[in-house]
Amino acid sequence: MCTPSKTLQSCVPFPVDDALLQEVVEKAKDWAIMHGAAMRSKQDFNPDALLFAPFILTPSSFPRKEFQKAVELQPLLNELIHAVAHDSQFLLATLSSTEKVDEFTRALIAIYRTVLDEGIAQPLSLGLLRSDLMLETRCDNDCGERARAINAYCCWKQVEINTIASGFGHLGPSSKYLQRLDSNALAAMRKTATLATALRDCV
1 MCTPSKTLQS CVPFPVDDAL LQEVVEKAKD WAIMHGAAMR SKQDFNPDAL LFAPFILTPS
61 SFPRKEFQKA VELQPLLNEL IHAVAHDSQF LLATLSSTEK VDEFTRALIA IYRTVLDEGI
121 AQPLSLGLLR SDLMLETRCD NDCGERARAI NAYCCWKQVE INTIASGFGH LGPSSKYLQR
181 LDSNALAAMR KTATLATALR DCV
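To convert, note that position 30 of the sequence shown is 30 in full-length UniProt numbering; the numbers rise steadily by one, no gaps.
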């Protein structure tokens, strides 16, 4: 059932004064560097320099009901991915056409075939996966058919299961704390600016 609103309510009231916003942005960059949300540049690599990892200043709204659905479904998706990852015949057959045209996939498949030929020495495996979800905005019949006009959402869709970027897994918790800091700073600065304006008007 689609929500009647065309937009989700922002976590932070807008608009934000440009000067206040810029101050929060600069503080957020510093916080990110100091708390490990950082990376080195590929284009201009320097072992003595770090850049802040890209981040969103404030959190995006996501309906709690849809989030809970995703949490409940995740164990099933985990089992599916685990089964696929351990089915060599399925993987090789599915990726055979991609292997022919994509150099990166071809290199991975070559490593995979070598491991299969030599035998898997480690019987245990651990998957670090990131599920990327997006809200569907045009659908009807419980997301069975795209028919209605655009609304804020009617359900979520799994758009990707990411493994390679799991090296940045620590950015999830870091982003939470960074966005909490930003939201609190924006709220505090807004109150300060409002108080300053009120005091100025009283003089």
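Ideal Cβ positions, reconstructed from N, Cα and C, are used throughout, including at glycine.
Note that the coordinates shown come from a computational prediction; the quantities given were computed from them, not determined experimentally.
Asked: Coil, strand or helix - N162 by DSSP; Found: strand
Asked: Same chain, Cβ closer than 7 Å to T7, neighbours up to 5 away in sequence not counted; Found: A152
Asked: Status (buried if at least 16 other CB within 10 Å, exposed otherwise) for S61; Found: exposed
Asked: Alpha-carbon spacing of T137 relative to D117, whole angstroms; Found: 47 Å
Asked: Reduced DSSP category for L133 - H, G, I as helix; E, B as strand; rest coil; Found: strand
Asked: According to DSSP, residues forming a beta bridge with A38; Found: F52
Asked: Buried/exposed call for V71, threshold 16 Cβ in 10 Å; Found: exposed
Asked: Same chain only: Cβ atoms within 8 Å of L171, ignoring 5 sequence neighbours per side; Found: A37, A53, F55
Asked: With 16 other Cβ atoms within 10 Å as the buried cut-off, status of residue 204; Found: The question about residue 204 has no answer, for the chain in this structure spans 1 to 203.
Asked: Rounded separation between V115 and C155 - CA only; Found: 41 Å
Asked: Exposure label - C202; buried when at least 16 CB within 10 Å; Found: Per-residue confidence for C202 stands at a pLDDT of 42, beneath the threshold of 50, marking its modelled position as unreliable; the derived number appears in the next sentence. Answer is exposed; the Cβ neighbour count stays below 16.
Asked: Whole-Å CB distance - A85 paired with G127, under 8 Å assumed; Found: 7 Å
Asked: D182 burial status per 10 Å Cβ neighbour count (16 or more: buried); Found: buried
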